[in-house]
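Take a look at the structure below.
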Amino acid sequence: MKKGLCLLLSAAMIASLMGCSKTDSEVKETTQTSEVTEATEVEEDLDYEFGEHFKSDEPVAYSMFWSDHEAYPITENWKLFSKIEELTNVKLDISKHTIARTDYDEKKALMISSGESAYIVPKTYDENQFVDGGAIVAISDYTKYMPNYTAFVEQYQLGPDLQTIEKEDGKYYRLPGLKETSEQEYTFMIRSDLFDAAGVDYKTLEKDWNWQGLLDALVKVKAYMVAEGMCKESDYIWTERWQGDDGSGGNLLKLVGATYGVRSGWDVADGMQFDREKDEWFFSETTPEYKEYVTQLHKFVEAGILNPESFTITDEQSCAKFYNGESVMLGVNKSMLTTYQENLDSTLGKDKYGVYQIVYPVGKNKYTAESARLENGIMISSKALEELGEEDFIKMLRFIDWLWYSEEGKTLAKWGVEGETYEVAEDGSKTLLPQYYCGGLSIPQTSEDQKDMRIEYGYAGGVFTYAGTYDQVTDNYSDTLKEYFDRVSNYREVAPVRPAVSGSEEDNEQINLIKTPLIDNVNSWTLQFITGQKDIEKDWDTYVMSCENLNSQQLVDLYNEIYTRNKK
Amino acid sequence: MTKLKESKSYKVFKVVNTILMILISAATLYPFLYLVAQSFSSEAAIYAGKVTILPVDFTASTYLSVLSKGEFILYYKNTILYTIFGTIISVMLTAMLAYPLSKPKLRLNKYIAPFIIFTMYFGGGLIPNFVLMNKLGLRNTVAAFVIPGLISTYYVLLMRSFFAGMSSEIEEAAEIDGLGKGGVFFKIILPLSKPILATMTLFYGAGYWSNWFSAFLYLDDKSKWPVAYYLRQIILGATTTSEVGANDAASAQIAANIRSCSMVLMVIPLLIVYPFVQRYFVQGMMLGGVKE
């Protein structure tokens, strides 16, 4: 009796579990149509116009994920969506797919994996996890239907850039934001008043100074500060921020490393660098250039300039040191410019200090650390192709092409409507109407009765506005910022893009297996060299050996093997 | 009465012990004091790194603005509602499940208990759960926030051993006096189980109070968010922007002060309730955890 009951209950348990798995499999499997029929349709037959304008004859709705930003939460009053609908007859339906920005990537992934994806998946930085499951469309098969996109790619020769996001099948799965030129927005802000007082002519120096030049300048500034009693000989006058919580050394090491042609900090990835002359990949972390690079950085610490805590401290702490005058230099990007000044106003007092965004030094080359011209982008769910059918799918792509890649679409998303939110001067420059300011465009509030255009109407938000030509990207920049970018483009060069290396799933797994312990090792040695816990001259060979023991050579071989395979 | 003379080593122990305990208390108390101090300090002082355990340039303006902002109050209300109703239902259901399980004479228990314990070791996983809630039409409803965690197996077991330790004579006596099974449970057993009920209330209550994950999964509609999820937004919003250096001046502007204020506001109710329940709490843990 007991046994019988036991069996019965176990059977019930198994049956209920099987029931569960059945409901799982009910989730529609997404399949991809790989064959794409050439567009033979004549434009007159279409129920929409496309190109520089897009308008559907019939009203249509496309579902889309929305990354809701806490600084400008979406409201029902937003004109952004109603204006898009008015111009194109397309309703972007975000009602079931609005996610708080901070959880956007995780929840988006969860919903896509659960078969609950929206058609349009914007604001995607990393599409890799979705590629193999077939949940997203290989969009490179369809870009030929996107006139604005293809024209931009051709005009600015973005072909090699796009190759870098291709997968092993030679296709790419994300429509990236396209930029005419890369932007070196990360650099350093210096206390120009102190540099001036110490007699450092930074405006001439920055044209082609090297890191030693910067160090010499900082030593002079410190000598001045010590003489004036502003700090002690034992104090550090530079505590850097953005240290990268992963122990990589973050922004500073990325910037300095790039000038030595090595990969470090935020840009360390797997340490692999490309040699154009030899046409092969090499491991940059054990090269003589790497040694030179850590040696140079160590000199900053040794000279009592760079605080070794820079690599462990929180951003708030390092900013605090800049705000209270202990630090004379701090990493900056375009969005921190005004924040720093506002805070310095409150701690040091308005007009009692000066700041300047310098062009950071060169090392072995004049390259900026930033060379990418691709931005985050849009994935398209396979569900869209399945449910809409190919013809309507292409129509949707043409809408996307208009909104994200046409001049008209970009301007609408960034500035709103001419005459309603902004006006165009005779020289073509745009300004907001006096009743608006905009945090997103770094256009500050000047009077109490102004409203933030982004909060009020949703224009200039991060989901639509991030790429374009140089003019489009910079048309909202302040004069100071424009002048900084001019200096960067005059004094520095953009590094050529590294060729694509797209391995199979197994290759990538292998690379990851080697990469994790190897790069942890590199990062920890790098910081120890820089902060002086390890002696560069004495311990260098041990370091190189430790990398070899962690299969750095195997990684190089694997890379070159994939690279040769890709070339064929 | 003569006092027992303390040995020298005991005196040393007492001193060392006291010092150690003071140090430990200081270490645990400091972060909280720091938070409170920060929440009452001016931004300038915070940015200059001057705040330690006492507020600098005292200001309560952030509290005022947080509390006057409709959304914070709304989230707070949500949390209170979810916590109160969630806890009541959870405790009731847990007790109602644990009670029959504690009766050895109910033979089916042997076969049902493994099913309950099974859920402690195996869960459906995130995606199947999400799909299930979706198919049930519960996504974006308060039910999705409450139902999945309504009964905790661990607490059921804890309660079961508590009930098992009660004498059966009292139940028999009550039945002889005319009470039915339900009457025994509600009129005799529950009133005698205050310690374990208080413990469960605290456990479930704290769980609901700080639960943000269910909100993350199932609540798309902001007006239904609990305050814990809102707090997570504030904290993440500030740290991720500085980490990645996102291009948004506005999010970088979320002041450190708002974070600390929200944290303090969130912790206060727990701090108030805890001392009152603590008495039962210790008792309940002991009673439930020890089996005869």
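Order-wise, the sequence lines are chains A and B.
Reading the first sequence from the start, the letters are residues 799 to 1366 in the working numbering.
Reading the second sequence from the start, the letters are residues 439 to 730 in the working numbering.
C-beta: ideal position from N, C-alpha, C; glycine also.
Closest Cα partner of residue i within the set the options
{"i": "A:Pro-1232", "options": "A:Asn-1321, A:Ala-1056 and A:Met-1251", "result": "A:Met-1251"}
{"i": "B:Lys-662", "options": "B:Leu-546, B:Leu-535, B:Ser-445 and B:Lys-515", "result": "B:Lys-515"}
{"i": "B:Tyr-501", "options": "B:Val-705, B:Ser-700, B:Asp-658 and B:Asn-572", "result": "B:Ser-700"}
{"i": "A:Pro-920", "options": "A:Ser-1179, A:Ile-1309 and A:Thr-886", "result": "A:Ser-1179"}
{"i": "A:Glu-1031", "options": "A:Asp-991, A:Lys-969, A:Ser-990 and A:Gly-1102", "result": "A:Gly-1102"}
{"i": "B:Ser-648", "options": "B:Pro-633, B:Val-584, B:Leu-544 and B:Met-459", "result": "B:Val-584"}
{"i": "A:Thr-1324", "options": "A:Gln-1094, A:Leu-1195 and A:Ala-1223", "result": "A:Gln-1094"}
{"i": "B:Gly-587", "options": "B:Ser-605, B:Lys-619, B:Trp-650 and B:Arg-545", "result": "B:Trp-650"}
{"i": "A:Phe-1098", "options": "A:Ala-995, A:Trp-1036 and A:Trp-864", "result": "A:Trp-1036"}
{"i": "B:Asn-572", "options": "A:Ala-936, A:Ser-1046 and A:Met-909", "result": "A:Met-909"}
{"i": "A:Gly-1217", "options": "A:Gly-1175, A:Thr-1229 and A:Lys-1208", "result": "A:Thr-1229"}
{"i": "A:Phe-1120", "options": "A:His-867, A:Tyr-1138 and A:Tyr-1235", "result": "A:Tyr-1138"}
{"i": "A:Ser-893", "options": "A:Ala-907, A:Ser-865 and A:Ser-911", "result": "A:Ser-865"}
{"i": "A:Phe-848", "options": "A:Gly-1207, A:Tyr-1289 and A:His-1096", "result": "A:Gly-1207"}
{"i": "A:Lys-853", "options": "A:Gly-1045, A:Ile-1198 and A:Gly-1047", "result": "A:Ile-1198"}
{"i": "A:Tyr-1255", "options": "A:Ser-1302, A:Gly-1059, A:Lys-877 and A:Pro-871", "result": "A:Lys-877"}
{"i": "A:Gly-1063", "options": "A:Ser-1108, A:His-851 and A:Glu-1281", "result": "A:Ser-1108"}
{"i": "B:Leu-473", "options": "B:Val-715, B:Val-702 and B:Tyr-718", "result": "B:Val-702"}
{"i": "A:Pro-1294", "options": "A:Ile-934, A:Glu-1075, A:Phe-928 and A:Asp-1225", "result": "A:Glu-1075"}
{"i": "B:Phe-496", "options": "B:Gly-618, B:Gly-620, B:Asn-695 and B:Thr-591", "result": "B:Asn-695"}
{"i": "A:Tyr-1289", "options": "A:Thr-1362, A:Thr-1166, A:Tyr-1234 and A:Ser-1204", "result": "A:Thr-1166"}
{"i": "B:Pro-566", "options": "A:Gly-913, A:Lys-1052 and A:Ser-1125", "result": "A:Gly-913"}
{"i": "A:Phe-928", "options": "A:Ser-1125, A:Met-1177, A:Glu-1205 and A:Arg-989", "result": "A:Met-1177"}
Coarse secondary structure for residue i, derived from DSSP in three states
{"i": "B:Met-558", "result": "helix"}
{"i": "B:Phe-583", "result": "helix"}
{"i": "A:Lys-906", "result": "helix"}
{"i": "A:Lys-921", "result": "strand"}
{"i": "B:Ser-499", "result": "helix"}
{"i": "A:Ser-865", "result": "strand"}
{"i": "A:Leu-960", "result": "helix"}
{"i": "A:Lys-1280", "result": "helix"}
{"i": "A:Ala-859", "result": "strand"}
{"i": "A:Trp-1036", "result": "strand"}
{"i": "B:Gly-616", "result": "coil"}
{"i": "A:Tyr-1235", "result": "strand"}
{"i": "A:Gly-1207", "result": "helix"}
{"i": "B:Arg-545", "result": "coil"}
{"i": "A:Asp-1073", "result": "strand"}
{"i": "A:Ala-1265", "result": "coil"}
{"i": "B:Ile-589", "result": "coil"}
{"i": "A:Asp-1250", "result": "strand"}
{"i": "A:Phe-852", "result": "coil"}
{"i": "A:Gly-1129", "result": "strand"}
{"i": "A:Trp-1338", "result": "helix"}
Residue environment, residue i, which counts as buried when at least 16 other CB atoms sit within 10 Å
{"i": "A:Pro-1159", "result": "buried"}
{"i": "B:Ile-491", "result": "exposed"}
{"i": "B:Arg-545", "result": "exposed"}
{"i": "B:Ala-687", "result": "Here B:Ala-687 scores only 38 on pLDDT, less than 50, and its place in the model is too uncertain to base an answer on."}
{"i": "B:Thr-466", "result": "exposed"}
{"i": "B:Gly-489", "result": "A small fix is needed here, since residue 489 of chain B is Val in this sequence, not Gly. Its Cβ being crowded by 16 or more others within 10 Å, B:Val-489 is buried."}
{"i": "B:Thr-679", "result": "Note that B:Thr-679 scores a pLDDT of 40, beneath 50, so its modelled location is shaky; the value from the coordinates is reported in the next line. It counts as buried."}
{"i": "A:Thr-886", "result": "buried"}
{"i": "A:Gly-788", "result": "It is not possible to answer for residue 788 of chain A, since the shown part of chain A is limited to 799 through 1366."}
Supposed contact pair residue j and residue i - C-beta distance, whole angstroms, cut 8 Å
{"i": "A:Phe-1081", "j": "A:Ser-1350", "result": "5 Å"}
{"i": "A:Glu-1291", "j": "A:Ile-1156", "result": "Rounded, the Cβ-Cβ distance is 17 Å, inconsistent with contact."}
{"i": "B:Ile-626", "j": "B:Met-597", "result": "Contact flag wrong, Cβ pair sits at about 16 Å."}
{"i": "A:Val-951", "j": "A:Ile-1328", "result": "Incorrect: roughly 40 Å between the Cβ atoms, too far for contact."}
Proximal residues of chain D, C-beta to C-beta of residue i below 7 Å
{"i": "B:Ile-565", "result": "You won't find chain D in this structure, because its protein chains are A and B."}
Item to check | At least three beta-carbon pairs within less than 8 Å, the region 975 to 985 of chain A to the region 1156 to 1173 of chain A | outcome: Contact annotation: the region 975 to 985 of chain A touches the region 1156 to 1173 of chain A, with at least three C-beta pairs closer than 8 Å.
Checklist entry - Counting pairs of beta carbons, one from the region 1291 to 1303 of chain A and one from the region 958 to 966 of chain A, are three or more of them closer than 8 Å? => result Yes, the region 1291 to 1303 of chain A touches the region 958 to 966 of chain A.
Next on the checklist: Quick check: the region 1074 to 1089 of chain A against the region 1332 to 1343 of chain A, are at least 3 beta-carbon pairs closer than 8 Å?
Outcome noted: A contact exists between the region 1332 to 1343 of chain A and the region 1074 to 1089 of chain A.
Checklist entry - Does the region 1002 to 1017 of chain A come within contact of the region 1184 to 1201 of chain A, defined as at least 3 CB pairs closer than 8 Å? => result Short answer: they don't touch.
Next on the checklist: So, does the region 1304 to 1322 of chain A touch the region 1063 to 1073 of chain A, judging by three or more C-beta pairs under 8 Å?
Outcome noted: The answer is yes - the region 1063 to 1073 of chain A touches the region 1304 to 1322 of chain A, with three or more Cβ pairs under 8 Å.
Checklist entry - Are three or more beta carbon pairs between the region 943 to 960 of chain A and the region 982 to 994 of chain A nearer than 8 Å? => result Touching, no, given that fewer than three Cβ pairs across the two stretches are closer than 8 Å.
Item to check | Cβ contact (3+ pairs, closer than 8 Å) linking the region 856 to 870 of chain A and the region 901 to 917 of chain A | outcome: Yes, the region 856 to 870 of chain A touches the region 901 to 917 of chain A.
Checklist entry - Three or more C-beta pairs closer than 8 Å, one from the region 898 to 912 of chain A and one from the region 1267 to 1277 of chain A: is that the case here? => result Result no; under three Cβ-Cβ pairs closer than 8 Å.
Checklist entry - Is there contact here, the region 600 to 609 of chain B with the region 544 to 564 of chain B, by at least three beta-carbon pairs under 8 Å? => result A contact between stretches requires three or more CB pairs, one per stretch, nearer than 8 Å, and the region 600 to 609 of chain B fails this requirement with the region 544 to 564 of chain B.
Next on the checklist: Under 8 Å: do the region 1256 to 1266 of chain A and the region 969 to 977 of chain A share three or more Cβ pairs, one atom per stretch?
Outcome noted: Here the region 1256 to 1266 of chain A lies against the region 969 to 977 of chain A, with 3 or more beta-carbon pairs under 8 Å apart.
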